[in-house]
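Engineer: A single structure is presented below for examination.
2 protein chains.
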Amino acid sequence: MIPTPYLLFLGDAPDQLAAKVAIGIRDWRPENAVGQFRMEGCGADLGIVDLDLDEAWANGARTLVIGVANRGGVISAAWKEVLIAALRRGFDIASGLHNLLRDEADLVAVAAEEGRTLHDVRIPSVQYPIANGVKRSGKRCLAVGTDCSVGKMYTALAMDAVMRERGMKSTFRATGQTGILVTGGGVPLDAVIADFMAGAVEWLTPDNDADHWDLIEGQGSLFHASYSGVTMALVHGGQADALILCHEPTRTHMRGLPGYDLPTLEDLRDTALHLARRVNPDVQVVGISINTQHLDDQAAADYMAEVESRMGLPTVDPFRNDAGRLVDALAAL
Amino acid sequence: MIPTPYLLFLGDAPDQLAAKVAIGIRDWRPENAVGQFRMEGCGADLGIVDLDLDEAWANGARTLVIGVANRGGVISAAWKEVLIAALRRGFDIASGLHNLLRDEADLVAVAAEEGRTLHDVRIPSVQYPIANGVKRSGKRCLAVGTDCSVGKMYTALAMDAVMRERGMKSTFRATGQTGILVTGGGVPLDAVIADFMAGAVEWLTPDNDADHWDLIEGQGSLFHASYSGVTMALVHGGQADALILCHEPTRTHMRGLPGYDLPTLEDLRDTALHLARRVNPDVQVVGISINTQHLDDQAAADYMAEVESRMGLPTVDPFRNDAGRLVDALAAL
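In structure tokens, the structure reads:
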């Protein structure tokens, strides 16, 4: 686990888009976002208080999270100065960057001297077990998509937020770097060794109270030729009681795979259900999450009404509307 | 690629069973097996010529392959003496042991001095690409199983052998350590990072002549809760034109998963075909391979006749009979 709360480092981010990870943390775990650290020329602003390292420390922050994408894949000298000062001040550093903190000799040396930890959340830090398929207590919900990047993480986080508001027992279980930084822990599933993928998911979603829900972040798609194996491990390791189908209706082909059509929601439902029953015969598809960001209000409403009528399942856009009806469906199980 | 041919090192193997890997090499690639090297007290015998290091070198062997499981997971001092002498003589060393050659400081040092390579075939040595799903030329056959260890490798090797005899163009594509040692190359798929699994399979089975068949070694099972993600990557990365269903009829539960029944052959056929069509709409299930080792002659014949009649597909045990009818089915495509 990454020590929370965080100071969110925005560096010299050129614009708001580059600060996607920091925005996710601010939106989903505002209690983790003590303040932001912006350098000269930073074009991003989270709308939270600017703090220097001493102020952030005094306000309880214990990890500096790199909340931005860096330019050109290198950790610049300007960043380094801040990162080293943060380690000296007592902070851990967490990053989801492709180039790893642990590959920077100066950061490694200072962290060792100061007894701090560099958290590269793209890389597993645990020796996961082989999955055993044994039924676990508690309940689990998994978002599965017709494609990659259709809103699976957002859906799970939005459901988790509603469940917390309602006083239900729930935990968002991160399986990707952004989710791990948001919550402080999880499994970077796409970086796990093949044999241990399903075991990593079992490890992430252990026995729990009978009325507790794990909301498992989905990855990839069973229909995506590049990443379907990762999704399969989630379906079998996740042992879901409830599946949410996620879809983005304007996409013309699978992400990164020109020439590959998206599957229908019916095909996703039938395929995911058949595979998921292997580990939990009682699993049900309980709702549909549509990412309508590229549709206007009327088109979005019409599309969702059509899907809801056709599929006979509550259909919402958890960003445009909210995830309440999906949570109702979980509660009704 | 591992330099061939090999000297097969049996060490102090307690019995024939411990020499499974060496037996596989002798059976499937006898031209790779120049001789065997047995130490004092060795209980295994491949029935091929015993050679010392100098004799093996003179007969063309260029890699010493550790063809046995070792005891207690350590490379013993007695083994070390032979392995170091082999490196000094000019041999590479190849191993599928869990404990890696590269973790043995003395072997690493001598290999570096002599300019030799230590091949740990459990560990990928290539940075595989992300799968792109682009249609490749040539033909591919993939064995899929109702469970792990039902004879998928054996089936593919047996088909490859028949195709070579018949002068057809074929290549066995190894995806596990034994297959890699047998043929000298391949992908240790269960040790590949999740995101690159399907890409590794694409890399292993590149564009080829229109009438060339890759016989891809299957792994795991789409129905095995621990390893299904690996199988899924084979199904989508492999882009099979032909699927062979593999089954062991006396198994009472999935290997390593008490309480999990095996799927039916019908379920395997329908599930594998549906998923495989995603990357190749023309894929067909062309035959069934039954591992009848635990049935007597009559029971085996009866069982296979029943399956053949029920499924309408050529059904053989490639060990008990031969793989000719499966190859006929490929040739008829």
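Protein sequences, first through last, are from chains A and B.
For the first sequence, the working numbering puts the final residue at 1804, and the numbers step up evenly by one.
For the second sequence, the working numbering puts the final residue at 1804, and the numbers step up evenly by one.
Ideal Cβ positions, reconstructed from N, Cα and C, are used throughout, including at glycine.
1) Taking the CB atoms as reference points, tell me whether residue 1494/B and residue 1517/B lie closer together than 8 Å.
2) Looking only at its own chain, which residues have a Cβ that is under 8 Å from the Cβ of residue 1779/A, when we skip the five neighbours before and after it?
3) Using a Cβ-Cβ cutoff of less than 6 Å, which residues in the same chain neighbour residue 1763/B once the five nearest sequence positions on both sides are dropped?
4) Could you run through the stretch 1698–1720 of chain A and flag, in chain order, every residue whose CB is less than 9 Å away from some CB of chain B?
5) How would you list, in chain order, the residues of chain B whose beta-carbon sits under 7 Å from the beta-carbon of residue 1601/A?
6) Using a C-beta cutoff of 8 Å, does residue 1537/A count as contacting chain B?
7) Below 8 Å, how does it come out for the stretch 1714–1721 of chain B and the stretch 1698–1714 of chain A: are there three or more Cβ pairs, yes or no?
8) Leaving out five residues on either side along the sequence, give the residues of the same chain with a beta carbon under 6 Å from the beta carbon of residue 1500/A.
9) Does the distance from the C-beta atom of residue 1666/A to that of residue 1540/B stay below 8 Å?
10) Using only CA atoms, which one of 1568/B, 1576/B, 1708/B, 1583/B lies nearest to residue 1602/B?
11) Give me the Cα-Cα distance between residue 1635/B and residue 1686/B, rounded to the nearest whole angstrom.
12) Residue 1618/A and residue 1722/A look like a contact to me (Cβ under 8 Å); what is the Cβ gap, rounded to whole Å?
13) Specify whether the stretch 1576–1589 of chain A and the stretch 1672–1685 of chain A touch according to this definition: at least 3 beta carbon pairs, one from each stretch, less than 8 Å apart.
14) So, with DSSP's three-state summary, where would you put residue 1481/B?
15) Quick check: residue 1808/A and residue 1522/A, are their CB atoms within less than 8 Å of each other?
16) For residue 1604/A, would you say it is in contact with chain B, using Cβ-to-Cβ distances shorter than 8 Å as the test?
17) Just the Cα atoms here: how many angstroms apart are residue 1691/A and residue 1548/A?
18) In chain A, which residues lie with their C-beta within 9 Å of the C-beta of residue 1750/B?
19) Does DSSP classify residue 1658/A as helix, strand or coil?
20) At a cut-off of 7 Å, would you count residue 1520/B as near the ligand HEM, judging by its Cβ distance to the nearest heavy atom?
21) Looking only at its own chain, which residues have a Cβ that is under 8 Å from the Cβ of residue 1766/B, when we skip the five neighbours before and after it?
22) Please state the DSSP three-state secondary structure of residue 1780/A.
23) Could you check whether the stretch 1584–1594 of chain B touches the stretch 1562–1576 of chain B, counting it as contact only if at least three pairs of C-beta atoms, one from each stretch, sit closer than 8 Å?
24) Where residue 1699/B and residue 1670/A are concerned, what is the direct C-alpha to C-alpha distance, given to the nearest angstrom?
25) Look up residue 1640/A in the DSSP assignment and say whether it is helix, strand or coil.
26) So is residue 1695/B buried or exposed if we call it buried at 16+ other beta carbons inside 10 Å?
27) Quick one: list the residues of chain A neighbouring residue 1652/B, beta-carbon separation under 8 Å, in chain order.
28) Output needed for residue 1531/B: all residues of its chain with C-beta closer than 8 Å, excluding positions within five of it in sequence on either side, in chain order.
29) What number of angstroms, rounded off, separates the C-alpha of residue 1474/A from the C-alpha of residue 1496/B?
30) Which residues in chain B sit within 7 Å of residue 1678/A, going by Cβ to Cβ distance?
31) Quick one: is residue 1734/B buried, meaning 16 or more other Cβ sit within 10 Å of its Cβ, or exposed?
32) Would residue 1613/B pass as an interface residue toward chain A - the criterion being a Cβ-Cβ separation below 8 Å?
33) Can you give the Cα-Cα distance for residue 1524/B and residue 1605/B, rounded to whole angstroms?
34) Could you tell me which residues DSSP puts in a beta bridge with residue 1761/A?
35) Beta-carbon of residue 1736/A versus every beta-carbon of chain B: anything under 8 Å?
36) Step through the CB atoms of chain B and report whether any lies within less than 8 Å of the CB of residue 1687/A.
Structural biologist: Taking the definition as stated:
1) Residue 1517/B sits close to residue 1494/B, with the two beta carbons spaced by under 8 Å.
2) So the list reads 1759, 1785, 1786, once near-sequence residues are dropped.
3) Non-local C-beta neighbours of residue 1763/B in its own chain, meaning closer than 6 Å and more than five positions away in sequence, comprise 1771, 1788, 1791, ordered along the chain.
4) Of all residues in the stretch 1698–1720 of chain A, those with a C-beta nearer than 9 Å to a C-beta of chain B are 1698, 1699, 1700, 1701, 1702, 1703, 1704, 1705, 1706, 1707, 1708, 1710, reading in chain order.
5) Within chain B, the residues near residue 1601/A are 1697.
6) Judged by the 8 Å Cβ criterion, residue 1537/A is not in contact with chain B.
7) The stretch 1714–1721 of chain B vs the stretch 1698–1714 of chain A: no contact.
8) Taken in chain order, the residues that qualify are 1653.
9) When the beta-carbon positions are compared, residue 1666/A and residue 1540/B stay at least 8 Å from each other.
10) Residue 1602/B has its Cα closest to that of 1708/B, out of 1568/B, 1576/B, 1708/B, 1583/B.
11) Cα atoms of residue 1635/B and residue 1686/B: separation of roughly 12 Å, rounded to the nearest angstrom.
12) Contact check for residue 1618/A and residue 1722/A: beta-carbon distance about 6 Å, within the 8 Å limit, so the pair qualifies.
13) Verdict: no, contact absent.
14) Three-state DSSP puts residue 1481/B in a strand.
15) It is not possible to answer for residue 1808/A, since the shown part of chain A is limited to 1472 through 1804.
16) At a cut-off of 8 Å between beta carbons, residue 1604/A contacts chain B.
17) One Cα belongs to residue 1691/A, the other to residue 1548/A, and the distance between them is close to 35 Å.
18) Listed along chain A, the residues sitting closer than 9 Å to residue 1750/B by beta-carbon distance are 1696, 1731.
19) Residue 1658/A falls in the coil class under three-state DSSP.
20) For the structure depicted, the ligand HEM is absent and the ligand set is empty, with no information on it obtainable.
21) Only 1720, 1721, 1774 meet the Cβ criterion.
22) Here residue 1780/A sits in helix by DSSP.
23) By the C-beta criterion, the stretch 1584–1594 of chain B is judged to be in contact with the stretch 1562–1576 of chain B, since at least 3 inter-stretch pairs fall below 8 Å.
24) Approximately 11 Å, taken between the alpha carbons.
25) If DSSP states are grouped into helix, strand and coil, residue 1640/A belongs with the strands.
26) Buried.
27) Neighbours of residue 1652/B on chain A: none; closest Cβ ~18 Å, over 8 Å.
28) Excluding sequence neighbours, residue 1531/B sits near 1476, 1505.
29) Rounded to the nearest angstrom, the two C-alpha atoms are 52 Å apart.
30) Going along chain B, no residue has its Cβ under 7 Å from residue 1678/A, so there is no contact; the nearest lies around 16 Å.
31) Only buried fits residue 1734/B, as 16 or more other CB atoms lie within 10 angstroms of its CB.
32) No, because no Cβ of chain A sits closer than 8 Å to the Cβ of residue 1613/B.
33) The alpha-carbon separation between residue 1524/B and residue 1605/B amounts to approximately 46 Å.
34) Bridge partners of residue 1761/A: 1718/A.
35) Residue contact with chain B for residue 1736/A: absent (no Cβ-Cβ distance below 8 Å to any residue of chain B).
36) Residue contact check for residue 1687/A against chain B: no CB pair falls below 8 Å.
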